[in-house]
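The sequence shown begins at 71 in my numbering and counts up by one.
Even glycine gets a Cβ: it sits at the ideal position worked out from N, Cα and C.
What follows is a short report on a single structure.
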Amino acid sequence: MEEDQKEAEASLTPPAVSDDDPQNMSDIQQNLSDEDAFKLLWEMKMQKRQGKPNLPDTVTELGTEDGCKVYLVGTAHFSESSRKDVVKTIQEVQPDVVVVELCQYRVSMLKMDEKTLLKEAREINLDKLQQAIKQNGVMSGLMQMLLLKVSAHITEQLGMAPGGEFREAFKEAGKVPFCKFHLGDRPIPITFKRAIAALSIWQKVKLAWGLCFLSDPISKDDVEKCKQKDLLEQMMSEMIGEFPDLHRTIVAERDVYLAYMLKQAAKPLELPLALGPEPSQQIPSVVVGVVGMGHIPGIEKNWNNLLNIQELMSVPPPSLAAKAFKFTVKVTLMGLMGYGCYRVGKGTIQLMLSRPFIQRYLHKFTNEIF
């Protein structure tokens, strides 16, 4: 999982560094040596970096023993105001690293336009369900689709795609010289599998029922009112309030993981020889973290703790009851499919059985039984 995360980060190349006059900058750099161009870009960055930055109220400042600074931008995932907060913070502090609350499984939203994202969020179909089940297993896949339904519900109400603050962070990071872009969230399949494993069968059914019948209208004003606590996470917290273990896996564990990744990013920078005579000269780094507002208290709480994420990356084996429930669901689905085929006729049965997906499913189902 960690190797996949690094590969995903490596494929993320923010847009090229720009200035007020990109053409003029290009002409200047062509007449400079690599060493002089490096010095020029570094000096520009240091000049733009504010000693006492004027930051939005949603920003929390943290520090390390090495003097590194981390500016946490608490956001609402469907908020236009949050996008502006992210842009302003990055422009003010000119960070060395930007860390966002995304993993490699959700990184595609950084490169998709708003129109495509709106379409994707609104379309929850059989193909997406099959992909989720294949990736995460039956129960975790179904739960993922139910949570996507929550996100799609907000998207439908607001006409606004999620993750705008992350796309802004990605674009702004590309305008800052020598700024790296990191994915800071735990891989979503692990989060879902750990969440499902933490629930009893009855709790799984009860939670799924609540998610399926989500219908309360949400306005743009509601999003901004929830600026002190991310809207999507607030809705989820209200629904999972009676399931402490679920809250622990979806929120509290990710607080620890995000804090760990932010601390990993906040390391002193070793300057190259081009910037000074000392080969091992180090300076404190500046990091901007873009996370949901609901994670800020947990990150602050864990900031000075000795963090170990190995246990948080493990997935407990399914219990006997969970296996029995999974088997029951499969048998029920097969029974409904068989009854449906019986009702529509022999020709339809032959047509359905010829489909590769049905054949693969029957083969897998038979192997699991026998």
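Cβ pair residue i, residue j closer than 9 Å
i, j, result
"F251", "V129", "no"
"E340", "T261", "no"
"G234", "S103", "no"
"M114", "P232", "no"
"L111", "G359", "no"
"L328", "H365", "yes"
"E171", "G362", "yes"
"V326", "G254", "no"
"K337", "D136", "yes"
"V385", "A267", "yes"
"M179", "F236", "yes"
"K333", "T134", "yes"
"K139", "V177", "no"
"A239", "I320", "no"
"L377", "R256", "no"
"Y330", "I271", "no"
"P123", "K154", "no"
"C249", "P354", "no"
Residue i, enclosing alpha helix (DSSP H) - first and last residue
i, result
"T261", "I258 to A267"
"F445", "A query on residue 445 cannot be resolved here, the shown segment of the chain reaching from 71 to 440 and no further."
Three-state secondary structure (DSSP) of residue i
i, result
"F148", "coil"
"E171", "coil"
"G234", "helix"
"I366", "helix"
"K139", "strand"
"T186", "helix"
"L316", "helix"
"Q352", "strand"
"Y330", "helix"
"V361", "strand"
"V385", "coil"
"Q339", "Correcting the residue type first, residue 339 is Leu in the shown sequence and not Gln. Of the three classes helix, strand and coil, the one that applies to L339 here is strand, per DSSP."
"V129", "strand"
"L180", "helix"
"W272", "helix"
"T159", "helix"
"V246", "coil"
"D325", "helix"
"D197", "helix"
"N378", "coil"
"Q164", "coil"
6 Å CB neighbourhood of residue i in its chain, flanking five on each side removed
i, result
"K297", "Here the model assigns K297 a pLDDT of 47, short of 50, so the residue's position is not dependable and the matter cannot be decided."
"I160", "E242 and V358"
"Q120", "E162"
"L132", "V140 and W373"
"G144", "T128, M363 and I366"
"Q351", "L341"
"A335", "V167, V169, H252 and V357"
"K189", "none"
Span of the beta strand (DSSP E) around residue i
i, result
"L470", "Only positions 71 to 440 of the chain appear in this structure, which leaves residue 470 out of reach."
"L253", "K250 to L253"
Below-9 Å beta-carbon distance, residue i vs any chain C residue
i, result
"I266", "In the structure shown, chain C does not exist; there is a single protein chain."
Residues near residue i by beta carbon distance below 7 Å, same chain, minus five either side
i, result
"N94", "Reliability of the predicted coordinates at N94 is poor, the pLDDT of 49 falling under 50, and the value obtained from them is presented with this limitation in mind. No residues qualify anywhere along the chain."
"R173", "It is Cys, not Arg, that sits at residue 173 in the sequence shown. Closer than 7 Å at Cβ, skipping near neighbours: Q75, L253, D255, R256, P257 and I258."
"K118", "Q164"
"M230", "F148"
8 Å CB neighbourhood of residue i in its chain, flanking five on each side removed
i, result
"K371", "D325"
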